[in-house]
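Data block below; observations after.
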Ligand code: ATP
């Protein structure tokens, strides 16, 4: 590979810039040129391609979001769109492509690999919902942001002796909720991986704890369970305790990345260049069992994972519900 393209695709995540920076800087060491493709596959199809050099990426590791912008693109899901994309890459002299994103973005990379472009995927999403890897860029920052926000809500909820139902992000996965439950403490969590939730038990637990003198209650609800406002109204009606719903929302996607996100992102960025340098294609970089590894994209997409049972068990033992 002589010229590497890099794009960010799907939902943005803090740490994507640190990965971009590492790609540009380590490519130079391998004698490769780097071109940035703006707005994911949508920008690729519009030929939004820029030259990138080391100076362009100085100081970006601490920035949230992605300097290359991100987008979703329906056209790229078609064969014609993919062929057009591969041709545009070739016309720009790009023979290797690094895609930072989630499963959908990797499917796109896999298609480009079939069309003769050497492609490497880097997992970037706050949701941690990419099955082949134990870590995704952005998760640590998102959890820390949610944790700080929940701490603040707890302050006011305690002063007013309220119950708070707080919805955290995570798409169809409960990782952020589970981590916040352990980091913040909460009376209970609702996550999509566990449907054993019995609302009456939760209400009974809140009433029992209130009678014992507990002055505030926090329930963390995962985005994948949803209906946070309705749940708050039902709990207020059943317990008589003033109950407020807060949906944390996109605040969790922004902010300066934590050291962990910056370092993991940088390592994965450098690893991607290393793989392209060795002539590899259709690989996704993962962090598994404490090691950086890579899998064939198709193999990676077929893997399964779920929340850590042991961690979940301990979180349940710590909560009142
Ligand atoms: P996130 O989980 O953060 O949203 P993602 O990468 O899973 O990230 P998607 O919206 O699923 O996000 O995919 C991003 C883009 O990847 C799509 O807009 C589309 O252009 C491309 N893509 C998705 N699925 C395919 C597919 N099967 N074939 C080709 N391209 C695809």
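In the UniProt record's numbering, the protein residues as written are 4 to 324.
Think of the CB as a built atom: it goes at the ideal place given N, C-alpha and C, for glycine as much as any other residue.
Cβ atoms of residue 220 and residue 166 come within 8 Å of each other, at about 4 Å.
DSSP places residue 286 in the uninterrupted beta strand (DSSP E) bounded by 286-291. In this structure, residue 306 lies near residue 135, with their beta-carbon atoms less than 7 Å apart. Minimum Cα-Cα distance from residue 96 among the listed residues 119, 107, 210 and 315 corresponds to 119. For residue 40, same chain residues with a beta-carbon under 6 Å away, outside a window of 5 residues either side, are 8, 10, 46, 47 and 52 in chain order. By a beta-carbon distance limit of 8 Å, residue 144 contacts residue 18. Their separation comes to about 7 Å. A direct Cα-to-Cα measurement between residue 182 and residue 197 gives close to 15 Å.
If you draw a 10 Å sphere on the C-beta of residue 54, you find fewer than 16 other C-beta atoms in it, and that means exposed. DSSP, read as helix, strand or coil, puts residue 76 in coil. In the DSSP annotation of this structure, residue 149 is not part of any beta strand (DSSP E); the continuous alpha helix (DSSP H) holding it starts and ends at 142-162. Cβ atoms of residue 28 and residue 57 come within 8 Å of each other, at about 6 Å. The beta carbon of residue 218 sits closer than 8 Å to those of 161 and 164, all from its chain and outside the five residues before and after it, given in chain order. If you draw a straight line from the Cα of residue 25 to the Cα of residue 268, it comes to about 8 Å. In chain order, 41 and 42 place their CB closer than 6 Å to the CB of residue 72, counting only its own chain and leaving out the 5 sequence neighbours on each side. Per DSSP, residue 166 is not a residue of any alpha helix (DSSP H); the beta strand (DSSP E) it occupies stretches across 166-171.
In this structure, residue 87 has its CB at a distance of at least 6 Å from all heavy atoms of the ligand ATP. For residue 39, the beta-bridge partners assigned by DSSP are 9 and 53. If the five residues before and after residue 254 are omitted, its C-beta is found closer than 7 Å to the C-beta atoms of 148 and 152, all from its own chain and listed in chain order. Per DSSP, reduced to three states, the secondary structure at residue 295 is strand. Per the coordinates, the alpha-carbon of residue 81 lies some 25 Å from the alpha-carbon of residue 174.
Counted as a single uninterrupted DSSP element, the alpha helix (DSSP H) harbouring residue 303 occupies residues 300-304.
Residue state for residue 71 is assigned as coil, using DSSP reduced to three classes. When the Cα atoms are used, residue 232 and residue 61 turn out to be separated by approximately 43 Å.
Restricting attention to 244, 223 and 224, the CA atom closest to the CA of residue 214 is found in 244. Following the DSSP letters along the chain, one finds residue 104 in no alpha helix (DSSP H) but inside the beta strand (DSSP E) bounded by residues 99-104. Boundaries of the beta strand (DSSP E) around residue 247: 246-250. Nearest C-alpha to residue 202 among 235, 227 and 226: 235. Taking a cut-off of 8 Å for Cβ pairs, the region 285-299 and the region 109-124 touch, as three or more such pairs fall below it.
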